[in-house]
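Here's the structure, in structure tokens; my notes come after.
Number of protein chains: 2
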Amino acid sequence: MRPILAEVVTIGDEILYGQITDTNTQWMSTQLDKIGIKTVRKSSVGDQEDKILQILEEAESRADIILLTGGLGPTKDDITKKTLCKYFDDELIINEDALGFITEFFTKRGRPMTELNRQQAMVPKKCIYLANKTGTAPGMWFEKSMGSGKGKIFVSMPGVPHEMKYLMANEVIPRLKKYFETPIIYHKMIRTIGVGESFLAEKIEKWEDSLPAHIKLAYLPSFGQVRLRLTGMGENEETLKQEVQNEVDKVLPMIQSFVFGYDDDDLEVALGKLLKSKNKTISAAESCTGGFISHLFTKVPGSSAYFMGSVVSYANAVKINVLGVKPETIENHGAVSEETVMQMAEGVRALMKTDFAIATSGVAGPDGGTPEKPVGTLWIACAMEGRTIARKVQMSNQRETNINYGSVVAMNLLRKMLNGDYES
Amino acid sequence: MRPILAEVVTIGDEILYGQITDTNTQWMSTQLDKIGIKTVRKSSVGDQEDKILQILEEAESRADIILLTGGLGPTKDDITKKTLCKYFDDELIINEDALGFITEFFTKRGRPMTELNRQQAMVPKKCIYLANKTGTAPGMWFEKSMGSGKGKIFVSMPGVPHEMKYLMANEVIPRLKKYFETPIIYHKMIRTIGVGESFLAEKIEKWEDSLPAHIKLAYLPSFGQVRLRLTGMGENEETLKQEVQNEVDKVLPMIQSFVFGYDDDDLEVALGKLLKSKNKTISAAESCTGGFISHLFTKVPGSSAYFMGSVVSYANAVKINVLGVKPETIENHGAVSEETVMQMAEGVRALMKTDFAIATSGVAGPDGGTPEKPVGTLWIACAMEGRTIARKVQMSNQRETNINYGSVVAMNLLRKMLNGDYES
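Just so you know, the sequences run in chain order A and B.
Counting from 1, position 289 in the first sequence corresponds to residue 289 in UniProt numbering; the numbering is continuous, with no gaps.
Counting from 1, position 3 in the second sequence corresponds to residue 3 in UniProt numbering; the numbering is continuous, with no gaps.
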């Protein structure tokens with residue numbers, strides 16, 4: 001069975017000019033991937049008719065499914081609907097369902113409905129209207145009925161991420177599953193931390209070379225982590241899962257201590273599961289990471305079960321008055337020091353009455369470095385009953401990278417101590 | 001003078017499969033835009049030779065500059081260098097500068113250098129090697145010397161963001177400025193908050209219709225904010241700046257109260273400037289936003305001048321013991337209530353001895369809602385000397401959106417109070 005191919009196209013000058021981040025294409029291709037539809041190309045073009053028409057033609061020549069987002073706003077610079085009419089030789093008409101929903105949308109919110117809002121209810125005559133219950137822009141489903149592209153599917157959705165996501169989950173994915181007969185694709189991701197890509201690659205080279213042809217390996221590095229993605233393609237889901245799992249079982253012993261989780265389990269999710277399984281609670285004292293560790297923990301649904309809270313102690317006065325760091329410690333050793341970060345961890349652990357506590361203190365940059373403590377110098381600590389461990393890490397000179405990386409290494413120290421590893 | 005056109009191509013299965021977020025293309029097109037080079041298309045393809053060759057041909061047919069990132073890692077799944085050799089009928093040779101740097105790179109870090117690392121020093125014979133001082137993958141600059149694409153520029157860079165950024169800033173942009181004669185493009189962005197796109201559009205419709213042909217307006221909405229981007233194109237930079245500024249001066253009176261900043265000034269940056277200019281300090285007590293407000297403040301370089309710290313009070317015990325919220329207040333009104341959030345703001349303000357303090361308490365979701373307090377219910381407060389103001393906001397049922405949006409509305413309340421607006 002030949003694979004079903006998709007192209008994802010985002011429309012909007014704001015994306016080309018780099019004024020907004022496109023997170024849609026990533027999410028969309030992940031969803032397609034889950035139902036065995038292979039994304040073969042992602043593209044972004046501006047709000048110009050000729051550019052949009054050109055990419056529609058190209059995409060149609062390469063893929064079975066073309067998913068479009070963007071250019072459906074109420075304002076003058078949004079021309080996707082008009083352009084789709086031109087491409088499908090169609091005309092815009094008021095869709096009553098859409099109009100009804102939009103009217104209700106504004107009544108509910110007690111906001112005035114403008115003529116621009118009303119026009120949001122206009123869609124091409126030939127398309128199937130996909131009801132967007134999260135906003136005023138419509139979803140549109142086209143089936144090419146003639147020509148070389150006969151049978152190909154075009155879907156147009158708003159660029160606002162949560163509106164696109166609603167339409168994908170509730171309308172597009174279910175329809176695609178009905179419309180196409182899709183092959184079986186199975187991914188298994190092994191998540192590692194604290195080891196470099198090349199080092200990992202050499203450790204598992206023999207295993208990698210021995211992988212069967214229908215199982216592929218990819219390395220996905222990011223901020224002190226490397227994800228190993230195994231992708232299997234086949235006919236029978238159960239067999240495929242088993243084959244991939246066998247490969248996982250083979251490679252695991254070679255890299256065990258670096259593995260913190262699988263698949264979509266980000267470090268904060270894996271840590272949450274670990275804390276829950278051990279029935280332990282956590283708090284944090286953050287200086288250079290400035291609340292990012294707390295954000296990582298709390299963005300996980302249900303984190304209130306184990307994350308009690310944290311103190312972002314940016315000012316030294318807060319380190320002293322709230323966390324109980326000794327003034328003379330900061331005086332003698334500085335805020336970025338082993339002694340200070342250990343007292344921060346112990347202080348917040350006592351304050352929040354948790355089993356574990358992690359702390360960070362470093363020079364995030366770009367300024368504030370000294371010869372002895374250059375930008376990127378980071379001290380992390382983790383405290384538990386009867387034991388506090390601190391580590392020094394040298395990071396880069398890029399503030400945002402340091403905040404991310406610093407958070408990850410501190411959380412990895414917690415992971416090791418939760419697992420009873422107090423040495424590495 | 002005809003505009004110089006660029007295409008940005010990212011290479012990697014991990015992007016197509018949606019396993020990583022592509023932030024490179026956004027950043028690259030912003031940099032190109034600043035020197036008057038127009039990005040006309042962005043594309044992502046997988047690590048397959050035929051797909052890469054196809055997109056190189058297509059891009060060459062449309063653009064003057066083709067910027068590539070990705071596929072330069074040391075592992076087997078990275079094939080960009082080999083493919084470029086095929087496209088330019090070239091061969092890989094060891095580049096001595098590259099080899100020297102890579103050797104030093106590993107010596108410095110006291111890490112073993114593997115054969116895979118050594119191969120990182122191989123580049124196509126015909127390209128100009130661009131020294132990457134931040135990693136082991138090379139930058140490569142090609143000038144097409146014959147055929148229809150004669151004179152066109154191809155640049156290949158690593159996909160790791162900070163390595164790509166280093167090469168763009170230090171090698172690629174300077175060379176492009178020398179190689180091409182570029183037109184003048186000038187952007188001015190007006191940043192608004194607390195007003196919808198359609199509402200804004202109707203408020204300024206007459207002004208928008210009166211804009212001269214060489215000045216374009218775009219609406220860029222995101223999380224309770226709308227950015228108005230004016231883009232001017234012309235010959236003389238000073239004249240252009242003045243013309244755009246005149247339009248800004250015309251529209252400002254219509255939308256003044258919603259405007260918090262300009263250009264790249266995100267809300268946290270604008271607030272930082274405002275706090276500095278008024279010589280005020282700030283702290284935060286975060287429940288449902290879980291540290292995200294603190295992160296927004298502290299990701300701004302120099303924020304330690306006005307941001308003293310915060311308490312993430314996830315557990316009620318922390319609200320009571322650290323922030324001094326009265327137990328009976330939580331008992332009688334609940335943690336998500338006007339009374340609690342006001343005591344949180346006043347408590348952290350006293351604890352951290354700051355001029356202002358903001359607090360959030362809400363139901364971020366996806367669970368935890370009740371009939372009276374459904375998911376998305378948010379209370380925010382801002383406290384100053386002699387005055388505390390609280391507001392209730394209804395958000396969505398999406399946790400991540402609520403954390404973002406909740407942070408923004410709380411920071412906007414601070415903005416208003418800093419500006420002496422205690423009513424709206």
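Built from N, CA and C at the ideal position, the CB exists for glycine as well.
Since this is a predicted model, take the numbers as computed values, not measurements.
_Is the beta carbon of B/Leu378 closer than 8 angstroms to that of B/Gly406?_
For the 8 angstroms CB-CB criterion, B/Gly406 and B/Leu378 form a contact.
*Of the choices A/Leu67, A/Glu423, A/Phe292 and A/Val409, whose alpha-carbon is the least far from that of A/Phe260?*
Looking at the Cα atoms, A/Val409 is the closest of the given residues.
*Count the other CB atoms within 10 Å of the CB of A/Phe223; is the residue buried (16 or more) or exposed (fewer)?*
Label assigned to A/Phe223: exposed.
*Counting only runs of 3+ residues fully inside the stretch 263-318 of chain A, write out the beta strand (DSSP E) ranges in chain order.*
Taking only runs of at least 3 residues, the beta strand (DSSP E) segments lying wholly in the stretch 263-318 of chain A are 282-286 and 307-313.
*Assign A/Ala305 to one of two classes, buried (16 or more other C-beta atoms within 10 Å of its C-beta) or exposed (fewer than that).*
It counts as exposed.
*asked:* Here's the rule: buried if 16 or more other CB atoms are within 10 angstroms of the residue's CB, otherwise exposed. What is A/Ile94?
replied: Its Cβ having fewer than 16 others within 10 Å, A/Ile94 is exposed.
*C-alpha gap between B/Ile15 and A/Leu32, whole angstroms*: Taking the CA atoms as reference points, B/Ile15 sits about 13 angstroms from A/Leu32.
*asked:* Can you confirm whether B/Asn117, when its beta carbon is compared against all beta carbons of chain A, has any partner nearer than 8 angstroms?
replied: For B/Asn117, the answer is yes, since a Cβ of chain A falls inside 8 angstroms of its Cβ.
*Beta-ladder partner(s) of A/Ala213, from DSSP*: A/Ala213 is not bridged to any residue.
*asked:* My output table needs one value for A/Met122: the three-state DSSP class, helix, strand or coil.
replied: Under the three-state reduction of DSSP, A/Met122 is assigned to strand.
*When the distance is taken between beta carbons, is B/Gly73 closer than 8 angstroms to B/Ala137?*
Yes, the pair counts as a contact, with Cβ atoms nearer than the cut-off.
*asked:* Less than 8 angstroms between the C-beta atoms of B/Ser303 and A/Val312, yes or no?
replied: Cβ distance not < 8 angstroms, so B/Ser303 and A/Val312 don't count as in contact.
*Closer than 7 angstroms at the beta carbon, the chain B residues around A/Asp13*: The contacting residues are Ala218.
*Could you give the DSSP three-state label for B/Pro74: helix, strand or coil?*
In the structure shown, B/Pro74 sits in coil (DSSP, three-state: anything other than H, G, I, E or B).
*Anything in chain B within Cβ reach of A/Leu351, meaning under 9 angstroms, just list it in chain order.*
Within chain B, the residues near A/Leu351 are Val318, Asn321 and Val322.
*Check the Cβ-Cβ distances between B/Ala201 and every residue of chain A, and say whether any is below 8 angstroms.*
So yes, B/Ala201 belongs to the interface.
*Does A/Val45 get closer than 8 angstroms to chain B when you measure Cβ to Cβ?*
For A/Val45, the answer is yes, since a Cβ of chain B falls inside 8 angstroms of its Cβ.
_Using a Cβ distance threshold of 8 angstroms, determine whether the stretch 266-286 of chain A contacts the stretch 269-284 of chain B, with at least three qualifying pairs required._
No contact exists between the stretch 266-286 of chain A and the stretch 269-284 of chain B.
*Going by the beta-carbon positions, is the gap between A/Gly234 and B/His295 smaller than 8 angstroms?*
Cβ atoms of A/Gly234 and B/His295: not closer than 8 angstroms.
*Any idea if A/Tyr422 is buried or exposed, counting beta-carbon neighbours within 10 angstroms, 16 or more meaning buried?*
Here A/Tyr422 is exposed, its C-beta having fewer than 16 other C-beta atoms within 10 Å.
_DSSP beta-bridge partners of B/Ser156_ = In the DSSP assignment, B/Ser156 is bridged to B/Leu68 and B/Met140.
*asked:* In this structure, how does DSSP classify A/Gly46 when only helix, strand and coil are distinguished?
replied: When secondary structure is reduced to three states using DSSP, A/Gly46 falls in the coil class, being assigned neither helix nor strand.
*Identify the contact partners of A/Met308 in chain B, using a Cβ-Cβ distance below 8 angstroms as the criterion.*
The answer, in chain order, is Tyr314, Ala315, Ala317 and Val318.
*asked:* My assumption, with CB atoms under 8 angstroms, is that B/Ile293 sits in contact with B/Thr388. Please give the rounded CB distance.
replied: That pair is no contact at about 17 angstroms.
*chain A contact for B/Pro366 (CB, 8 angstroms cutoff)*: Chain A contact via Cβ: present.
*Who are the near neighbours of B/Leu157 in its chain, counting only those whose CB is closer than 6 angstroms to its CB and skipping five residues on each side?*
The amino acid occupying residue 157 of chain B in the given sequence is Met; Leu does not appear at that position. Contacts found: Thr69, Gly139, Met164 and Leu167.
*Mind checking if B/Val226 is an interface residue toward chain A, Cβ cutoff 8 angstroms exclusive?*
B/Val226 does not count as touching chain A.
_B/Val322 - DSSP class collapsed to helix/strand/coil_ = Note: B/Val322 maps to coil in three-state DSSP.
*With DSSP as the reference, please indicate the residues paired to B/Pro221 in a beta bridge.*
The partner list for B/Pro221 (beta bridge, DSSP) reads B/Val226.
*Are there 16 or more other CB atoms within 10 angstroms of the CB of B/Gln394, so buried, or fewer, so exposed?*
So B/Gln394 ends up on the exposed side.
*Do B/Met254 and B/Leu228 have their CB atoms nearer than 8 angstroms?*
No, these two residues do not count as a Cβ contact at 8 angstroms.
*Can you check whether the CB of B/Phe297 is closer than 8 angstroms to the CB of B/Ile193?*
Against a cut-off of 8 angstroms, the Cβ pair of B/Phe297 and B/Ile193 comes out as no contact.
*Starting from the beta carbon of B/His162, find every residue of chain A whose beta carbon is closer than 8 angstroms, and list them in chain order.*
Annotation: Cβ neighbours of B/His162 in chain A (cutoff 8 angstroms, chain order): Ser396, Gln398 and Thr401.
*For the beta strand (DSSP E) holding A/Val9, just list the boundary residues, first then last.*
A/Val9 -> beta strand (DSSP E) spans Ile4 to Ile11.
*A/Thr239: buried (16+ other C-beta within 10 angstroms of its C-beta) or exposed?*
Exposed, since its Cβ has fewer than 16 Cβ neighbours within 10 Å.
*chain A partners of B/Pro158, CB-CB under 7 angstroms?*
Contact note: B/Pro158 does not reach chain A at a C-beta cutoff of 7 angstroms; the least C-beta distance is about 11 angstroms.
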